[in-house]
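S.K.: Numbering (full-length UniProt numbering), first residue to last: 1 to 477.
Positions of the beta carbon are idealized from the N, C-alpha and C atoms, including for glycine.
No experiment lies behind these values; they were computed from the predicted model shown.
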């Protein structure tokens with residue numbers, strides 16, 4: 001990477017100018033060559049030849065990979081085990097973990113060839129060079145993040161209902177309005193300076209919340225089995241194809257983090273060290289998902305639900321239940337804030353690039369309108385699809401194959417073609433296998449998830465925007 005001195009003058013070959021998100025540090029302006037093969041930092045605050053401040057090492061990136069990926073997807077692991085059974089669940093966890101690591105390595109290799117690829121959109125622009133493909137990548141990313149944020153709103157809604165479990169007025173639409181109102185203020189942060197601390201808070205809150213539920217289940221395992229007998233199965237019977245893909249997509253969604261990897265690499269001291277981060281993140285992710293899935297499945301058997309902290313009995317342990325719910329709510333707030341800031345800034349750059357770094361009234365007004373529009377959109381979607389577990393499955397089937405398994409190989413192959421680098425036959429075969437798997441998940445998985453969603457809506461007698469005035473305690477009667 002080449003760095004321009006503090007003059008702020010665009011280098012001769014830097015014909016494209018981009019604005020960094022400042023995801024883990026300060027916001028920077030970048031100038032990239034037309035090919036994306038050379039990258040310059042244009043911020044006037046930089047000294048001659050120096051890298052941006054707060055650059056990351058691979059160990060920190062490993063922790064950030066954990067914080068970004070280990071999130072709401074972990075809550076549904078026990079439900080995935082119910083749908084897949086012991087054999088398939090463990091096998092899918094192993095395979096998806098390996099593929100996720102490999103896709104991270106693939107993106108790292110593409111980034112080394114095309115340093116101007118600061119994000120998926122920019123990598124598509126520089127490596128592939130087709131306008132239509134860049135638009136597809138951009139809109140898949142936008143739609144995925146909006147849908148993902150909608151899942152967070154729904155999860156926050158349920159968390160709020162769990163915190164105030166004895167209230168009879170917090171139906172989904174009402175609780176959702178409160179959640180949306182609370183998010184108006186933090187989403188006015190236009191860049192996440194020093195976000196590492198928030199990411200650590202994000203990680204700690206979800207881990208403590210989940211472990212609170214896990215410890216409760218381990219301590220009460222025998223009592224649960226005596227009072228509520230259940231079964232676990234090596235292979236579910238009957239083995240329904242819709243349940244199979246629904247479970248696979250839950251795990252696929254839980255591992256998905258590739259779409260943010262390029263941003264992480266762009267703020268590393270040595271981007272080529274990015275794969276080392278998986279030495280920390282991959283064992284932790286796999287271990288956590290396995291521990292949660294196994295414990296939840298052993299505890300509740302075929303009755304395990306889509307929100308693991310709901311296994312804590314609120315009637316006998318109300319304080320513990322509320323504690324776990326509060327921590328989950330904190331995690332979801334920070335997760336929403338991180339992803340919404342990335343998306344809002346990307347849209348801001350698209351609709352009003354001249355005001356994206358404007359701290360005056362106009363810049364703040366544009367940001368306010370965009371952030372409020374995003375909050376309203378996610379509120380509407382979350383109430384139109386009011387089943388959290390089904391949202392995660394739909395996201396895993398519809399978007400994870402594209403963002404996680406199809407785009408990265410295309411980026412690397414296109415980058416190698418532009419740099420006249422070769423690709424081995426073995427790697428072509430591996431890419432082909434992964435893409436076939438992705439296409440199966442994208443087609444059959446998406447169909448299965450929507451069938452499962454509509455069936456669940458009928459079984460629970462839930463309708464979009466329905467407001468049932470009942471206490472959360474009613475679920476235990």
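#1: Report the rounded CA-to-CA distance for residue 321 versus residue 117, giving the unit in angstroms.
#2: Leaving out five residues on either side along the sequence, give the residues of the same chain with a beta carbon under 6 Å from the beta carbon of residue 108.
#3: How is residue 268 classed by DSSP in three states: helix, strand or coil?
#4: Out of curiosity, what's the CA-to-CA distance linking residue 110 and residue 280?
#5: With a threshold of 8 Å on Cβ separation, who are the neighbours of residue 250 within its own chain once the five nearest residues in sequence on each side are excluded?
#6: Figure out for me which residue from 170, 151, 189, 143 has the closest Cα to the Cα of residue 492.
#7: What did DSSP end up calling residue 84 once you bin it into helix, strand or coil?
#8: Determine the DSSP secondary structure at residue 256, reduced to helix, strand or coil.
#9: Going by CA-CA distance only, name the one from 344, 324, 56 that's closest to residue 156.
#10: Whose C-alpha, out of 409, 130, 169, is nearest the C-alpha of residue 432?
#11: Below 8 Å between beta carbons: does that hold for residue 336 and residue 183?
#12: If residue 445 sits next to residue 248, beta carbons under 8 Å apart, how far is it from one beta carbon to the other, in whole angstroms?
#13: Indicate the three-state DSSP secondary structure (helix, strand or coil) for residue 118 in the structure shown.
#14: Among 94, 187, 373, 126, which has the Cα closest to the Cα of residue 416?
#15: Output yes or no for whether 8 Å exceeds the beta carbon distance between residue 105 and residue 285.
#16: Can you tell me whether DSSP reads residue 298 as helix, strand or coil?
#17: Determine the DSSP secondary structure at residue 170, reduced to helix, strand or coil.
#18: How about residue 209 and residue 328: are their beta carbons less than 8 Å apart?
#19: Quick check: what's the CA-CA separation for residue 129 versus residue 112?
#20: Note down the Cα distance separating residue 100 from residue 361, rounded to an integer number of angstroms.
#21: Any heavy atom of the ligand NAD inside 7 Å of the beta-carbon of residue 342?
#22: Output the boundary residues of the alpha helix (DSSP H) element that contains residue 330.
#23: Measuring CB to CB, does residue 448 end up less than 8 Å from residue 245?
#24: Tell me whether the beta-carbon of residue 180 lies closer than 8 Å to the beta-carbon of residue 160.
#25: Taking the DSSP output, what are the residues bridged to residue 160?
#26: Along the chain, where does the alpha helix (DSSP H) containing residue 376 start, and where does it finish?
#27: Going by alpha carbons, who is nearest to residue 338 out of 302, 149, 307?
#28: Should residue 269 go down as buried or exposed, given a rule of 16 or more other Cβ atoms within 10 Å for buried?
#29: Using the beta-carbon count (16 or more within 10 Å), is residue 61 buried or exposed?
#30: Which whole-angstrom value is the C-beta distance of residue 384 and residue 464, which I expect to be below 8 Å?
#31: Give the straight-line distance between the Cα atoms of residue 272 and residue 171, rounded to the nearest whole angstrom.
M.R.: Put simply:
#1: One C-alpha to the other measures close to 44 Å.
#2: Taken in chain order, the residues that qualify are 274, 275.
#3: Of the three classes helix, strand and coil, the one that applies to residue 268 here is strand, per DSSP.
#4: Each residue's Cα considered, the two are about 22 Å apart.
#5: Excluding positions up to five away in sequence, the list reads 73, 76, 77, 79, 80, 83, 389, 392, 393, 396.
#6: Since the first residue of the chain shown is 1 and the last is 477, residue 492 is not available in this structure.
#7: In the structure shown, residue 84 adopts helical secondary structure according to DSSP, grouped into three states.
#8: In this structure, residue 256 counts as coil in the three-state DSSP scheme.
#9: Among 344, 324, 56, the Cα nearest to that of residue 156 belongs to 324.
#10: When only C-alpha atoms are compared, the closest one is 409.
#11: Closer than 8 Å, so yes.
#12: The beta carbons of residue 445 and residue 248 sit about 7 Å from each other, so the pair counts as a contact at 8 Å.
#13: Here residue 118 sits in coil by DSSP.
#14: Comparing Cα-Cα distances from residue 416 to each of 94, 187, 373, 126, the minimum goes to 126.
#15: For residue 105 and residue 285, no; Cβs fall outside 8 Å.
#16: Here residue 298 carries a helix assignment [DSSP, helix/strand/coil].
#17: In the structure shown, residue 170 sits in coil (DSSP, three-state: anything other than H, G, I, E or B).
#18: A contact, by the Cβ cut-off of 8 Å.
#19: Approximately 17 Å, taken between the alpha carbons.
#20: The alpha-carbon atoms of residue 100 and residue 361 are separated by roughly 42 Å.
#21: With respect to small molecules bound, the structure shown includes none, and the ligand NAD cannot be examined in it.
#22: For residue 330, the uninterrupted alpha helix (DSSP H) segment begins and ends at 318-351.
#23: Yes, the Cβ-Cβ distance between residue 448 and residue 245 is below 8 Å.
#24: Cβ atoms of residue 180 and residue 160: not closer than 8 Å.
#25: Under DSSP, residue 160 shares a beta bridge with no residue.
#26: In the DSSP assignment, residue 376 falls within the unbroken alpha helix (DSSP H) covering 361-384.
#27: Considering only alpha carbons, the answer is 149.
#28: Classification of residue 269: exposed, given that the 10 Å Cβ count is below 16.
#29: Buried: at least 16 other Cβ atoms inside 10 Å.
#30: 5 Å between Cβ atoms; contact.
#31: The straight-line gap from Cα to Cα measures roughly 49 Å.
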